[in-house]
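My numbering numbers the first residue of the sequence shown as 241 and each following residue consecutively. Beta carbons are placed, not taken as given, at the ideal position from N, Cα and C, and that holds for glycine. Down below is the structure, laid out as structure tokens.
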Amino acid sequence: MRAGKTAHHIISFIKPCLILVWSSEGGIDAKLKDDMFILGYVYGVIAAFLEGLKVTDQEEAGYSIQQVFERLFPGQGRPVTEICNQYALQKSPEFMRSTRLGFSEMIETFEIFDLERDRQEQKILESLLHYVSNIACEK
């Protein structure tokens with residue numbers, strides 16, 4: 241299974257946007273595991289990444305999702321993944337809106353990356369960075 245490697249690559253894309261809420265113990269502030277925007281956005285990024293890698297095995301996809309959330313919320317990957325899956329099954333409007341945003345920004349990042357393969361810079365997932373910046377300013 242490539243889930244661990246896939247999760248590592250996904251985290252490398254989103255971590256720069258989460259640096260303001262990244263804790264010294266690793267992962268992001270545990271309070272954000274209940275934040276519908278963060279969960280939905282990351283879920284969308286993961287879905288786009290898996291689609292871009294052409295991951296079709298459902299078990300591998302599920303484990304990749306869990307591994308990403310485990311890295312974001314150490315010790316809580318499985319329950320957070322289950323919560324996200326529930327929101328997706330219920331088609332929670334707020335969750336689905338942020339999932340679509342994360343998905344579309346990640347797809348856009350892939351397109352830019354394909355066009356500029358030789359460049360070392362990475363496009364920032366702007367909506368996630370903006371949202372996290374606002375959270376950090378409120379503290």
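Residue burial annotation: residue 269 is buried, with at least 16 other C-beta atoms found within 10 angstroms of its C-beta. Here residue 305 is not bridged, per DSSP, to any residue.
Per DSSP, the beta bridge partners of residue 268 are 262. Here the stretch 303-318 makes no contact with the stretch 342-351; the two share fewer than three CB pairs at distances below 8 Å.
In the structure shown, residue 297 adopts coil according to DSSP, grouped into three states. Judged by DSSP in its simplified three-state form, residue 369 adopts helix. Pairwise C-beta distances place the stretch 324-341 out of contact with the stretch 258-265, as fewer than three of them are shorter than 8 Å. In chain order, 280 place their CB closer than 8 Å to the CB of residue 337, counting only its own chain and leaving out the 5 sequence neighbours on each side. Boundaries of the alpha helix (DSSP H) around residue 326: 317-330. Residue 311 sits in a helix when the DSSP states are folded into three classes. By the CB criterion at 9 Å, residue 293 and residue 375 fall outside the cutoff.
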